[in-house]
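Numbering (full-length UniProt numbering), first residue to last: 1 to 239.
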């Protein structure tokens, strides 16, 4: 990856002076590596993956960096990556700019609605993630309404009858994303304070380039399985 020495001034030319390095995780545990890590302890190193490469930002500008594919190197005592607990915490520009985050699917509400716990920095540091060990998760998860489709409704109480194939749609979504990491690209918020977003699976890196093993879009997969129809209601969004 490219890493950049950052100064406190964003206009400083050093912000554009980058050195190409092998990913720190892949370097052998040699004395020279340890010496390098000691040197960067006093330097803020934040690298942000963007479509045109890695763009350096300093800690004061992180909130405007534009993506969640971020690694913080050798800064165990600093929490520079924002974590969104609920959909209400997501800044408006994440929706207007269609930014994305990575998260762990904690619950399947029905075929087109899930709850996701935001996992900052997962794009470059794929750490193992475990489900929350608690009953109430609303305050720690984002309510996500999958974009572009509508699946059959599940009855919310005994007097409300579930629509045909609603359980099949929920089961399909569960098999694809439940207790797994997903990429969430924000589109808008709906009237129920849910984030309308695209949800994609996150395959292992070594498989993602193989045809048929790449990311799967939950909306498209439900539609292809015949378990969803095109959503044409108010505020419909298509990615």
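Cβ atoms here follow ideal geometry from the backbone N, Cα and C, with glycine treated the same way.
Between the region 165 to 173 and the region 133 to 143 there are fewer than three inter-stretch CB-CB distances shorter than 8 Å, so the stretches are not counted as touching.
Within the model, the alpha-carbon separation for residue 118 versus residue 210 is close to 27 Å. Membership of residue 173 in the alpha helix (DSSP H) is indicated by the continuous run 166 to 177. Contact fails between the region 171 to 185 and the region 155 to 163, because fewer than three Cβ pairs, one in each stretch, are under 8 Å apart. Nearest to residue 163 by alpha-carbon distance, out of 88, 83, 92 and 228, is 228.
Residue 200: member of the beta strand (DSSP E) spanning 195 to 201, first to last residue.
Closest in C-alpha terms to residue 88, from the list 81, 195 and 128, comes 195. Around the CB of residue 122, 16 or more other CB atoms lie within 10 Å, so the residue is classed as buried.
Distance from the CA of residue 150 to the CA of residue 144, rounded to the nearest whole angstrom, comes to 13 Å. In the structure shown, residue 84 adopts coil according to DSSP, grouped into three states. According to the DSSP secondary-structure assignment, residue 113 is paired through a beta bridge with 110 and 145.
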